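A.B. asks:
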Amino acid sequence: MRLPIVAGNWKMYKTPAEAAEFAQAIIAPLLPFEGVERVVCPPFVAIPAVAAALRGTPIKVGAQNVHQEPHGAYTGSVSVPMLQGLVEYVIIGHSEVRQYQGETDAMINAKAKALLAGGLKPIIAVGESLAQREEGQTVAHVGGQVRAAFEGIPPESLANVVIAYEPIWAIGTGRNASPEDANQTIKEAVRDVLAELYGAAAAETVRIQYGGSVKPENMLAYMSMPEIDGALVGGASLKVNDFTALVRLAQEAKGA
Ligand code: PGA
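Per the numbering used here, the very first residue in the sequence shown carries number 7; after that it's consecutive.
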């Protein structure tokens, strides 16, 4: 049984003060849903305030990126040692970081290794563009991203890794992959590839989220799919009521 995980990716929204206020406001509404792992990923500067607000609660904190080196002359970057003690999860491979910051598959692999070595858990995002989808390249492309991300990662680390399948054309666009389609792609491009790399039994234990225009209205349909173990959510994670509804629906669908 894979513990469902719903993570809010706040992107470049909320000042530290707004983030702390939001964190306070979600504690009580999210408390009842113990069958779902609940994570919020604020911008770097808001992480200390959110971590302080959520300390001692079951709600976990994540970061939206990390540098693969522990320290060095990398202006504007934040490393694993800087995040230790503040966050449990770190999103890597997000399509916006791949696109706007030139994050490559090799960097994502190096970041995953650095995170795992530092006791933090990567949420590895993968997904195809609209052009790749239209050319029938979805499974090859996403499968390739998964292979590259897991290069040299030992089987015992799988319990500490989450994968988020996010078709790029569905992020922030209001255009969704159908739940059946998302389920099928996750099966063929992610879980089957993990099975090839680590064996079928190990692949079955890995949690895989769907992401891309997830909202309360479509959450139940995604969460009812057998291969989908949660959601990575942007826009709808920024409002207390919507984020609470997403977590509640995850718990409802997975019967936890
Ligand atoms: P969205 O973003 O829910 O706003 O589409 C998802 C993501 O980028 O993780």
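C-beta: ideal position from N, C-alpha, C; glycine also.
Remember, predicted model here, so these are calculated numbers, not experimental data.
(1) Which residue's Cα is closest to the Cα of G91: A69, T110 and T144?
(2) For E172, count the other beta carbons within 10 Å of its own beta carbon; 16 or more makes it buried, fewer makes it exposed. Which is it?
(3) Pull up the distance between the alpha-carbon of A29 and that of I129, whole angstroms please.
(4) Should V96 be counted as a contact of the ligand PGA given a C-beta to heavy atom distance under 6 Å?
(5) Less than 7 Å between the beta carbons of A256 and M229, yes or no?
(6) Within the continuous alpha helix (DSSP H) that includes Y228, where are the two ends?
(7) Are the region 19 to 37 and the region 235 to 253 in contact at 8 Å, needing three or more beta carbon pairs?
(8) How is E24 classed by DSSP in three states: helix, strand or coil?
(9) Are there 16 or more other CB atoms within 10 angstroms of the CB of E109, so buried, or fewer, so exposed?
(10) Could you tell me the distance, in whole angstroms, from the CA atom of I234 to the CA atom of H73?
(11) Touch check for the region 55 to 63 and the region 17 to 25: three-plus C-beta pairs under 8 Å?
(12) May I ask you to check if the CB of G180 is nearer than 6 Å to at least one heavy atom of the ligand PGA?
(13) Against chain B, does A69 count as a neighbour if the rule is that its beta carbon must be under 7 Å from one of theirs?
(14) Sort out for me which residues DSSP pairs S85 with in a bridge.
(15) Give every residue of the same chain whose Cβ lies closer than 7 Å to the Cβ of A59, excluding the five residues on either side of it in the sequence, and list them in chain order.
(16) With hydrogens ignored, establish whether the beta-carbon of V239 is closer than 6 Å to any heavy atom of the ligand PGA.
(17) Could you tell me the distance, in whole angstroms, from the CA atom of A183 to the CA atom of E258?
(18) Would the C-beta of V145 count as close to the ligand ADP, meaning under 6 Å from any of its heavy atoms?
(19) Considering Cα atoms alone, identify which of H147, V84, V145 and E140 is closest to V51.
(20) Less than 7 Å between C-beta atoms, sequence neighbours within five positions excluded: which residues of the same chain meet that for F39?
C.D. replies: Judging by the given coordinates:
(1) Numbered from its first residue, the sequence shown carries residue 91 at position 85. Looking at A69, T110 and T144, the one whose alpha-carbon comes closest to that of G91 is A69.
(2) Position 166 of the sequence shown, counting from 1, holds the residue named residue 172. Flag for E172 reads buried.
(3) Position 23 of the sequence shown, counted from the start, is the residue given in the question as residue 29. Position 123 of the sequence shown, counted from the start, is the residue given in the question as residue 129. Distance between A29 and I129, taken at the CA atoms: about 20 Å.
(4) Stepping through the sequence shown from its first residue, residue 96 is reached at position 90. No, since every heavy atom of the ligand PGA falls outside the 6 Å radius drawn around the Cβ of V96.
(5) Taking the sequence shown and counting its residues from 1, the one referred to as residue 256 is at position 250. Taking the sequence shown and counting its residues from 1, the one referred to as residue 229 is at position 223. Yes, they are a contact pair.
(6) Along the sequence shown, read from residue 1 onward, the residue named residue 228 stands at position 222. Segment P222 to M229, the alpha helix (DSSP H) holding Y228.
(7) Yes: the two stretches touch, three or more of their Cβ pairs being nearer than 8 Å.
(8) One-based indexing of the sequence shown puts residue 24 at position 18. E24: helix per DSSP, three-state reduction.
(9) Counted from its first residue, the sequence shown places residue 109 at position 103. Its Cβ being crowded by 16 or more others within 10 Å, E109 is buried.
(10) The residue labelled residue 234 in the question sits at position 228 within the sequence shown. The residue labelled residue 73 in the question sits at position 67 within the sequence shown. Roughly 28 Å separates the two Cα atoms.
(11) In this structure the region 55 to 63 lies against the region 17 to 25, because at least three pairs of beta carbons, one per stretch, are closer than 8 Å.
(12) In the sequence shown, counting from the first residue as 1, residue 180 sits at position 174. Not under cutoff, so the answer is no.
(13) Protein chain content of the structure displayed is limited to a single chain, and chain B is not contained in it.
(14) To locate residue 85, count along the sequence shown from 1; it is residue 79. Per DSSP, H73.
(15) On the sequence shown, residue 59 is found 53 positions in, with the first residue counted as 1. Hits under 7 Å: A26, A29 and Q30.
(16) Your numbering for residue 239 matches position 233 in the sequence shown. Yes, since a heavy atom of the ligand PGA falls inside the 6 Å radius drawn around the Cβ of V239.
(17) Position 177 of the sequence shown, counted from the start, is the residue given in the question as residue 183. Position 252 of the sequence shown, counted from the start, is the residue given in the question as residue 258. Going from the Cα of A183 to the Cα of E258 covers about 21 Å.
(18) The ligand content of the structure shown is limited to the ligand PGA, which means the ligand ADP is not among them.
(19) Translated into positions along the sequence shown, residue 51 becomes position 45. For the residues H147, V84, V145 and E140, the minimum Cα distance to V51 belongs to V84.
(20) Your numbering for residue 39 matches position 33 in the sequence shown. Counting only Cβ-Cβ distances below 7 Å, and skipping sequence neighbours, we find V253, R254 and Q257.
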